[in-house]
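In mature numbering (1 follows the signal peptide of the UniProt record, and there is no 0), the protein residues as written are -37 to -1, 1 to 411.
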């Protein structure tokens, strides 16, 4: 038995819904998949094509079944790695308790088929079941059932999406996650900037702050239900703050007399690394959140900012102008051995370390354009994922396979969120209520 993580719903009317989250149970359905069942999708390569797949309407409760299967369909399509079959081309509506007619499904060209059912037990709780079939071999690849309450029906769609995606691609899950971002509304000269949180597909949007202060650069904790951000009230120095999504408790960190910015959590969530302005320069410091003890990591005449921990906590990537232009550097977590990893034309800034540890993403500015790039932590293998005007603020999905960023075309408009996969072949808009900037991707919610 596993408890659902809190939804991070604020303020009080939402907080009451936290109590309504019921126990969540997942058990494997009987799977008889012999060794010859090989439903796999190879990501990468010049001739990559998304896999044709069919997601049948889930049986049982018609409204909730359609909701869950619709979430799965939308998620797999948005991933860029699957092409769901239009329902008008379905050769049958499969019976969940029986094997599909594989000959008919092969004729449609699909390689995978997802079937499911949503029902209620005597207590009114939902039971959501699914099976993934390899149409070519005629074998079941995996199956699972989930027990929860009605309020969590949509989330089971994300969990099923993760199970299907991971089974076929071999990559880690990411659909059961959230995105925090800065919501921007009002005229360009006087934008109200609020912290908002939503599901990764744009659903369940909720405001975390009211707009009484301007919010910049939020970052999720990898280990707790906290978000750190820079906040600035009119007439006051910008300061780093941390807000807890479960309780709404909010605390300001750093010295009142100096500007603190660009906060990032340590992998265990107990410390922040951030940039603190001291005179005409800015240095990287770490702070223990509980004790507020602060320790300098860099100390010089340069502007060092935007620090980000490696997932094992051993290193920090940051941006600095110590070499004459803003570039990305990597150093030990104690400040030892700082070395530059970005070279070539233009500047590089806003580094973000992948949760897998294999890549660092950053914004490269050159020739009037802004590119989202990735390279290995030693700086080798740089590649451009997307380029144009004006791309900024990269943050990785929990599985390290996608990078979220915002694009602002300029003028009187505003930014919008987009995601691109690390091959650069898939780019998708991420829906938000209004203009949006400074996204940050949460860890997986399962088990939290």
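Idealized CB from N, CA, C, for every residue including glycine.
In this text the structure is predicted, and so the values were computed from the model without any measurement.
Endpoints, beta strand (DSSP E) assigned at residue i
| i | result |
| --- | --- |
| residue 95 | 89 to 97 |
| residue 109 | 102 to 111 |
| residue 379 | 379 to 384 |
| residue 295 | 290 to 295 |
| residue 235 | 234 to 241 |
| residue 162 | 155 to 162 |
| residue 213 | 213 to 216 |
| residue 354 | 354 to 359 |
| residue 1 | No beta strand (DSSP E) contains residue 1, which DSSP labels as neither H nor E. |
| residue 309 | Counting along the chain, residue 309 falls outside any beta strand (DSSP E), and DSSP gives it neither H nor E. |
| residue 225 | 223 to 228 |
| residue 249 | 244 to 251 |
| residue 393 | 390 to 393 |
| residue 269 | 267 to 272 |
| residue 325 | 323 to 329 |
| residue 205 | 202 to 207 |
| residue 146 | 141 to 148 |
| residue 191 | 189 to 195 |
| residue 368 | 365 to 370 |
Exposure label - residue i; buried when at least 16 CB within 10 Å
| i | result |
| --- | --- |
| residue 193 | buried |
| residue 352 | exposed |
| residue -6 | Note that residue -6 has pLDDT 45, beneath the 50 cutoff, so the model's placement of it is unreliable and the number below is only indicative. So residue -6 ends up on the exposed side. |
| residue 256 | exposed |
| residue 271 | buried |
| residue 151 | exposed |
| residue 153 | exposed |
| residue 330 | exposed |
| residue 347 | exposed |
| residue 163 | buried |
| residue 119 | buried |
| residue 29 | exposed |
| residue 299 | exposed |
| residue -4 | Its pLDDT being 43, under 50, residue -4 is placed unreliably by the model, and the measurement read from it follows with that caveat. It counts as exposed. |
| residue 111 | buried |
| residue 7 | exposed |
| residue 26 | exposed |
| residue -2 | Note on residue -2: pLDDT 47, under 50, position unreliable in the model; the coordinate value appears next. Answer is exposed; the Cβ neighbour count stays below 16. |
| residue 52 | exposed |
Integer-rounded CB distance, given that residue j should sit under 8 Å from residue i
| i | j | result |
| --- | --- | --- |
| residue 191 | residue 176 | Residue 191 to residue 176, Cβ: 14 Å. No contact. |
| residue 158 | residue 185 | Rounded, the Cβ-Cβ distance is 18 Å, inconsistent with contact. |
| residue 405 | residue 123 | No, residue 405 and residue 123 are not in contact; Cβ-Cβ is about 19 Å, not under 8 Å. |
| residue 106 | residue -10 | 7 Å |
| residue 104 | residue 2 | 5 Å |
| residue 340 | residue 323 | 6 Å |
| residue 283 | residue 267 | 5 Å |
| residue 204 | residue 214 | 7 Å |
| residue 65 | residue 101 | 4 Å |
| residue 394 | residue 369 | That belief does not hold up - the Cβ atoms of residue 394 and residue 369 are roughly 13 Å apart, past 8 Å. |
| residue 278 | residue 294 | 7 Å |
| residue 59 | residue 399 | Contact doesn't hold; Cβ gap of about 39 Å is too wide. |
| residue 42 | residue 128 | 6 Å |
Start-to-end residues for the alpha helix (DSSP H) that takes in residue i
| i | result |
| --- | --- |
| residue 260 | Careful: residue 260 lies outside any alpha helix (DSSP H) and carries neither H nor E. |
| residue 130 | 116 to 132 |
| residue 70 | 65 to 70 |
| residue 30 | 25 to 41 |
Cut-off 7 Å between Cβ atoms - residues of its own chain near residue i, not counting five sequence neighbours on either side
| i | result |
| --- | --- |
| residue 264 | 244 |
| residue 262 | 246 |
| residue 44 | 4, 6, 13, 14, 132 |
| residue 350 | 332, 334 |
Cut-off 6 Å between Cβ atoms - residues of its own chain near residue i, not counting five sequence neighbours on either side
| i | result |
| --- | --- |
| residue 409 | 139 |
| residue 125 | 136, 138, 139 |
| residue 311 | 290, 291, 305, 325, 327 |
| residue 155 | 148, 149, 174 |
| residue 345 | 336, 338 |
| residue 217 | 202, 203, 223 |
| residue 82 | 23, 90 |
| residue 391 | 41, 382 |
Close beta carbons around residue i, own chain, < 8 Å, minus the five adjacent residues each side
| i | result |
| --- | --- |
| residue 40 | 46, 47 |
| residue 397 | 146, 147, 148, 377 |
| residue 201 | 179, 193, 194, 195, 222, 223, 224 |
| residue 212 | 206 |
| residue 308 | 329, 330 |
| residue 54 | 64, 67, 68, 70, 71 |
| residue 260 | 236, 246, 247, 248, 249, 270, 279, 294, 296, 297, 298 |
Within-8 Å CB hit, residue i to chain D
| i | result |
| --- | --- |
| residue 64 | Of the chains in the structure shown, none is chain D; there is only one protein chain. |
Requested in this report: Decide if the region 317 to 334 is in contact with the region 348 to 368; the criterion is three or more beta carbon pairs, one per stretch, under 8 Å apart.
Outcome: yes
Query raised in the report: Using 8 Å as the threshold, is the region 119 to 136 in touch with the region 380 to 389, meaning 3 or more CB pairs across them?
Result: no
Requested in this report: Specify whether the region 364 to 375 and the region 12 to 32 touch according to this definition: at least 3 beta carbon pairs, one from each stretch, less than 8 Å apart.
Outcome: no
Query raised in the report: Using 8 Å as the threshold, is the region 36 to 53 in touch with the region 91 to 102, meaning 3 or more CB pairs across them?
Result: no
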